[in-house]
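For reference, the structure discussed in these notes is given below.
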Amino acid sequence: MKIMKFALIFGLLCVARSGAAELSIGHEDAPGGVKIVLGTTTADVYVDAADYKVVNIAAGLLSEDVERVTSKKPRVINSAAQLGSNAIIVGTIDHSQVVDQLIESRKIDVSDIRGQWESFKLQMIDHPLPNVQSALVIVGSDRRATAYGIFELSRAIGVSPWYWWADVTPLHQDALVIKPATIKDGPPSVKYRGIFINDEDWGLQPWAAKTFDPQQKDIGPKTYEKVYELMLRLKMNYIWPAMHECTIEFGKIDRNISLANDWGISAGASHPEGMNRNNVDWPKLGKGEWRYDTNRENVLAFWEEWAAKRGPYDNVWTLGMRGVHDAPMLPVNADMPTKVKLLEHAISDQRDLLKKYVNPDISNVPQIFCPYKEALAQYRAGLQLPDDITIVWTEDNYGYIRQLSNPQEQGRQGGSGVYYHISYLGSPFSYVWLNTTPPALIWEEMTKAYAYGADRVWVLNVGDIKPGEVGMEFWSRLGWNINAYEREKLPQYLIDWAGGIFGKDLSGEISSVMDKYYRFGFARKPESLYRDPACFSLTNYDEAQLRLADYSQLLAKVDSISQKIPAERKDAFFELVQYPVRMAALTNEAFICTEFNKAYVKQNDMLANQYADRVEKALAQIDADTNHYNNGIQGGKWKNIITARGTTSDRWGFKWPQPVRVQNGAMNSTVETVGSKNVENVPANPSFAEKDGYISIEAEHFTRSITRGNAQWQIIPGLGRSGDTVSVYPVTVATIDKPENLASQSPSLEYDLTTAFTGEAEIIAYCLPTRSINSARGLRYAIAIDNAPPQVVDFNQATEDQRWQQNVQKDTAITQTKHNLTTSGKHTLKVWMVDPGVVIDKIVINIGGLKDSYLGPPETIAN
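According to the numbering used here, the sequence shown is numbered sequentially starting from 1296.
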């Protein structure tokens, strides 16, 4: 086999850090290099047996990783005297005899990582020991840091974090030589970075119970060990375990807890699991109602049992009280002051348990309070929360954070964090099958959260992990280094991700496919189509036809790329790219073609049957691809992991379409359409012209962006329903809420346009349904034409009502203003920031010609 030469930019996470070096792996001898494998030489891996368990585990996995790449397995030894001439020495400061000797003899300098949270260093040393000619020393400030450093070497030699979970088989290399370098990384941007395994009923639980661990017949230690390994390879450290009724409670299996500790994973629990104990089985215990006002003694004893059991281990403790499983706290009908006092009482008692079983100094016990659903209303009503508890803010289950810390909350000792979803089971619609949340949306919301102090705890609801791999990895990179991808470089993530798994030659094509996959899914998640299958107009602007065509082209492209993928990566390509893209395309095909089918049935047109054929073919292909995922990959390795039809959302009324056929109907009538295709080529300084009674503008195609107060409207690439979006940065800029100050103090956008119309015009702004940043902010922008007084628009969503449901289905919040055009000809549309956090997608000026549509009319640009 031809030897492939490559170099890995260390971790991709480091490139944005000031002065970050590169770790380069060669495949031939290099001066001063450490020969991991070269000819008959195989480096030894040294680890002190007395070092942390996770360090010894990671050292063993490094040896296995080298074998995965070269078919040669290094020795893992605990005696420095047995080391050969080439070595990899791993250890934690103050926990490794050899590493401490190297520090004392000043052969390595750890002054820049000692005492730091999760910081590590890789350094090449000549003759570190009498019997060692050359060594790579991997040293960590703490146990996880050392493991992260070890796994960075694994990544550099070609072992993906997804080698097991997504079957990214390492490419074979005959030789591996580490070229001289000294690299330091950490501390991370976010202290605790983790995942929530959730809604596991249709994926992870049946897979674990029936396929992976039939002896346990559930998600247990064997499954969690694979999860922990993946998390460490992605530089994560915190887990909320699976907690549905179908799964044995995490803490009931002692090995689940001790294994997390062995792997260096801090185990926590989700928002309804006070004191890290799942209460889903409470009704079966016969201990009375789950109420703290009338049944405090039994509830407190329930919590105390887990405090005693889990107290000796590494935990982040979830405090607070909700109802059984995911229900509101009882008594539901109590007034708000009563609920607040009751919740304060429960939290006070929980903290007393932590003082008793964990640490008398409660400020040294990691604790969180997650104001999810009704708990947020209780917090807003004046809940007195001890200062050392971390507030973990939540988004609305669809990607938009409900609230972040105001200036007073930013000064809290416990700080804040975020609980976020890329998978959700609930109302108004579930999306637990595919992950179509764009990385750009995660970036927009989480960098905003970080700017407002949310740097203590990040938790991502990943459902069954599969198929949320791309989003999960982006989350981990951003949590490790918030500057890993600057706004204008956001598209680079998918390029890096695709190149790291499928090679640089295919990274452009694959990243382009995934970019479109996320854009199309952002406009409408496939799982939500059943809620309003007629949302894409059959008649206006060719909307439904263009969506079918876009997905058809994407389907053809992904299938074409699959022919170029090396045999050893074909399963990975199917899991990570081909399956999700095909399922999104085929789901749209099924639902939209059903709407055409209905339209032609009403006309008694035989074309209805052609669309019925397309629907049935799409549904059959969904079943076939899902069957291949479950039964065809790796000899059935993933059997029961994916449920598509019959499925994920039945609990919430999901219905797949059923087309109707016409007998002896007419032939070849048409569904009348109006409008045309979107403009693709945009001039550098665009101006916009009236067409068919409207002017439609993609927000990122501004004529001018004017900076004021060190802030500016900037483009967020990869985020938008039919293009990109714009928002003001930095997001911490002060509110400009006095209209007379807008022109001189507020950053603005200007759009030049031309119209023959005079009279009243309506301006419709399509914004993302974000929320006001905190209680000190609104969600406002101002808008005007020419020199008219600015109109301030506030579209903050106070409650999650029917309007909010419509907004999150469309990923848009629509606002309207009225404007008077006194003259025809040239005009300038002006938009000012009032509050940061507004994200604008499209602006339409309607002068009587606007047709009903989902995405809005295509863009109109002057020639």
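Quick reminder that beta carbons are idealized off the backbone N, C-alpha and C, glycines included.
- Pro1423 sits in a strand when the DSSP states are folded into three classes.
- Scanning Gly1481, Pro1423, Tyr1895 for the CA closest to the CA of Thr1834 turns up Tyr1895.
- Remark: C-beta atoms of Ser1455 and Gly1795 approach each other more closely than 8 Å.
- Taking Ser1991 as reference, the option from Ile1478, Gly2144, Lys2033 with the minimal CA-CA separation is Gly2144.
- When the Cα atoms are used, Gly1515 and Gly1721 turn out to be separated by approximately 26 Å.
- In terms of CA proximity to Lys1547, Glu1600 leads the group Asp1496, Glu1600, Glu1495.
- By a beta-carbon distance limit of 8 Å, Ile1684 contacts Ile1663. Their separation comes to about 7 Å.
- If you ignore the 5 residues before and after Glu1669, its C-beta comes within less than 6 Å of the C-beta of Pro1623, all in its own chain and listed in chain order.
- Relative to Leu1614, the option among Ala1596, Asn1590, Pro1666 whose CA is nearest is Pro1666.
- Take the alpha-carbon of Phe1415 and the one of Arg1772: they are about 16 Å apart.
- Where Phe1491 is concerned, the enclosing beta strand (DSSP E) starts and stops at 1487 to 1492.
- Taking a 10 Å sphere around the C-beta of Thr1589, we find fewer than 16 other C-beta atoms and assign the residue as exposed.
- Our two residues, Asn1883 and Pro1326, have alpha carbons roughly 57 Å apart in a direct line.
- Within a 10 Å sphere around the beta-carbon of Ser1374 sit fewer than 16 other beta-carbons, which makes this residue exposed.
- Taken in chain order, the whole beta strand (DSSP E) runs of length 3 or more contained in the stretch 1344 to 1396 are 1381 to 1387.
- Under the criterion of beta carbons closer than 8 Å, Gly2151 and Val2139 qualify as touching, at roughly 6 Å.
- Residue pairing by DSSP places Cys2062 opposite Ala2108, Ile2135 in a beta bridge.
- When the Cα atoms are used, Ala2079 and Glu2057 turn out to be separated by approximately 11 Å.
- Taking a cut-off of 8 Å for Cβ pairs, the stretch 1353 to 1370 and the stretch 1329 to 1341 touch, as three or more such pairs fall below it.
- The beta carbon of Pro1861 lies closer than 7 Å to none in the same chain, with the five residues before and after it left out.
- Val1340 sits away from Gly1386, with the two beta carbons spaced by 8 Å or more.
- Taking the Cβ atoms as the reference, Trp1770 lies roughly 6 Å from Ile1737, within the contact range of under 8 Å.
- Taking each of Ala1994, Val2133, Asp2089, Gln2100 in turn and checking the Cα distance to Thr2027, the smallest one comes out for Val2133.
- Take the alpha-carbon of Tyr1347 and the one of Arg1438: they are about 6 Å apart.
- Taking the CA atoms as reference points, Ser1832 sits about 38 Å from Trp1933.
- The count of Cβ pairs closer than 8 Å, one atom from the stretch 1474 to 1492 and one from the stretch 1524 to 1539, reaches three, so the stretches are in contact.
- Burial check for Ser1658: the Cβ neighbour count within 10 Å stays below 16, so the residue is exposed.
- Taking the C-beta atoms as reference points, Pro2042 is found nearer than 8 Å to Trp2008.
- Ile1403 is positioned such that its CB atom lies closer than 8 Å to that of Ile1420.
- The shortest C-alpha to C-alpha distance from Trp1412 to any of Trp1951, Trp1775, Glu1890, Thr1938 is the one to Trp1775.
- The shortest C-alpha to C-alpha distance from Thr2049 to any of Pro1567, Pro1423, Leu1801, Tyr1989 is the one to Tyr1989.
- Contact between Leu1841 and Ala1461 is absent: CB atoms are separated by about 32 Å, not below the 8 Å threshold.
- Distance check between Thr2094 and each of Val1957, Asp1691, Leu1378, Ser1561 places Asp1691 closest, using alpha-carbon atoms only.
- Here Lys1761 is buried: its Cβ has 16 or more other Cβ atoms, across all protein chains shown, within 10 Å.
- For Val2103 against Tyr1812, the beta-carbon gap comes to about 19 Å, at or over 8 Å, which does not count as contact.
- Distance from the Cα of Ile1408 is smallest, within the candidate group Phe1815, Tyr1874, Gly1379, Ser1436, for Ser1436.
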